[in-house]
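Asks: The numbering used here numbers the first residue of the sequence shown as 96 and each following residue consecutively. For every residue, glycine included, the Cβ atom is placed at its ideal position computed from N, Cα and C. These figures come from a predicted structure and were not determined experimentally. One structure follows; several queries about it will come next.
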Amino acid sequence: MPSGAEPLRDPWFARCPVAREAGRPGEQVLTAVLSAEFPAGTVVDLPDDRRPTGWQVAVRSAPGGDRPQLVEVALPEAPLLWYVALPEPEATTLVAFSDERHPEGTVLDLEQAQAAGVAGEQQVAAVRWWSATGLVHQVYVQPASRRRGVAGKLVLAAFGVQAARGLPAVHGDGRRTELGEQWRAGLPGHVADRMAPWTEHVRPMTPA
Numbered sequence: 096m097p098s099g100a101e102p103l104r105d106p107w108f109a110r111c112p113v114a115r116e117a118g119r120p121g122e123q124v125l126t127a128v129l130s131a132e133f134p135a136g137t138v139v140d141l142p143d144d145r146r147p148t149g150w151q152v153a154v155r156s157a158p159g160g161d162r163p164q165l166v167e168v169a170l171p172e173a174p175l176l177w178y179v180a181l182p183e184p185e186a187t188t189l190v191a192f193s194d195e196r197h198p199e200g201t202v203l204d205l206e207q208a209q210a211a212g213v214a215g216e217q218q219v220a221a222v223r224w225w226s227a228t229g230l231v232h233q234v235y236v237q238p239a240s241r242r243r244g245v246a247g248k249l250v251l252a253a254f255g256v257q258a259a260r261g262l263p264a265v266h267g268d269g270r271r272t273e274l275g276e277q278w279r280a281g282l283p284g285h286v287a288d289r290m291a292p293w294t295e296h297v298r299p300m301t302p303a
């Protein structure tokens, strides 16, 4: 970035088809890229699923983006996560698990999770947001998994899922717990800027 240039805040998106032998016909990968190669918000069709310099999150999904299959996040230092996506009429919840039952980034739907015997008490984190607006409703990380990069990885995964659906970007308002504000303060600027300044203290979700 040239000296004196404004910091990059919003990504452009690389879109490519999934090879037939690697997925179902019609599947595609949408990758959010934070670089000056293309204007922010631009969707660029590429012939393959290479990861451009500055990529943040890549989502492989069924046609239309409604059924995410795989979410890759460019945070190699964070723990392995795989997910269960729980769509509701007005919201989406992405529940994260951190064991080796499924490969990194795998996304199961509710039916697949039930068939695999996935239990809610095994989760390490979850994020819920309003699908129509992208506004985050809740973020939770179990105490044993905090300060390891889980929340940041999970929120980036949610950002990718929302983008793959062609819906407004995931963002936060000013309502947070004290721990949530500490977490926000440690985020990179382009991520922290998606959350409004802290205006309302809310109680933590962790049981007393």
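(1) Do valine 256 and alanine 239 come within 9 Å of each other at the CB atom, strictly closer than that value?
(2) Based on the DSSP output, what are the partners of arginine 270 in its beta bridges?
(3) Using three-state DSSP, classify phenylalanine 133 as helix, strand or coil.
(4) Which one of Leu189, Glu206, Gly267, Glu195 has the shortest CA to CA distance from valine 236?
(5) Please report the residue range of the alpha helix (DSSP H) in which glutamate 206 lies.
(6) Please state the DSSP three-state secondary structure of glutamine 277.
(7) Starting from leucine 251 and walking both ways along the alpha helix (DSSP H), at which residues does that stretch end?
(8) With a cut-off of 8 Å on the beta carbons, I'd call valine 124 and tryptophan 107 a contact; round off their distance for me.
(9) Could you tell me the alpha carbon to alpha carbon distance between glycine 267 and serine 130, rounded to whole angstroms?
Replies: Once the coordinates are examined:
(1) no
(2) Glu295
(3) coil
(4) Leu189
(5) 205 to 210
(6) helix
(7) 245 to 259
(8) So it is not a contact: roughly 14 Å between Cβ atoms.
(9) 23 Å
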